[in-house]
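Counting from 1, position 21 in the sequence shown corresponds to residue 21 in full-length UniProt numbering; the numbering is continuous, with no gaps.
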Amino acid sequence: MRHGKYPFIVGFLAAPVALYTTFVIGPYLQAFYLAMTNWRGVAANPTFIGLDNFRRLLQDEVFWKAVRHHGLLLLAMPLITIAIALIFAFLLNVGGGARSGAMA
1 MRHGKYPFIV
11 GFLAAPVALY
21 TTFVIGPYLQ
31 AFYLAMTNWR
41 GVAANPTFIG
51 LDNFRRLLQD
61 EVFWKAVRHH
71 GLLLLAMPLI
81 TIAIALIFAF
91 LLNVGGGARS
101 GAMA
């Protein structure tokens, strides 16, 4: 009975792993390759320039402003969401529910 355990598991995992590799990992690798070129989307042959695009990006003032704004949103949005949720929970709790006839 044990001889069929691993081929059975591999049989069920092969299709999802193949789909994940095709539709997630493949595009990531292609995007990383394109980030290493100077291709603008029009020319047929992109020229490989290595990490120069990333070097330029790290020196860009607009990029760092975007990173700061993203960090602010990353910290502020969960706090705002939790505060709003607590307010609504408090309002529901103060209302008394169905026992006092408020929510019949």
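Think of the CB as a built atom: it goes at the ideal place given N, C-alpha and C, for glycine as much as any other residue.
Exposure label - residue i; buried when at least 16 CB within 10 Å
{"i": "residue 87", "result": "exposed"}
Residue i, enclosing alpha helix (DSSP H) - first and last residue
{"i": "residue 46", "result": "No alpha helix (DSSP H) contains residue 46, which DSSP labels as neither H nor E."}
Residues bridged to residue i (per DSSP)
{"i": "residue 21", "result": "Answer by DSSP bridge pairing: none, since residue 21 is not bridged."}
{"i": "residue 37", "result": "48"}
Residue i versus residue j - alpha carbon distance
{"i": "residue 51", "j": "residue 35", "result": "8 Å"}
{"i": "residue 84", "j": "residue 8", "result": "48 Å"}
{"i": "residue 95", "j": "residue 71", "result": "37 Å"}
{"i": "residue 93", "j": "residue 66", "result": "40 Å"}
Quiz item: Three or more C-beta pairs closer than 8 Å, one from the region 39-49 and one from the region 22-30: is that the case here?
Solution: no
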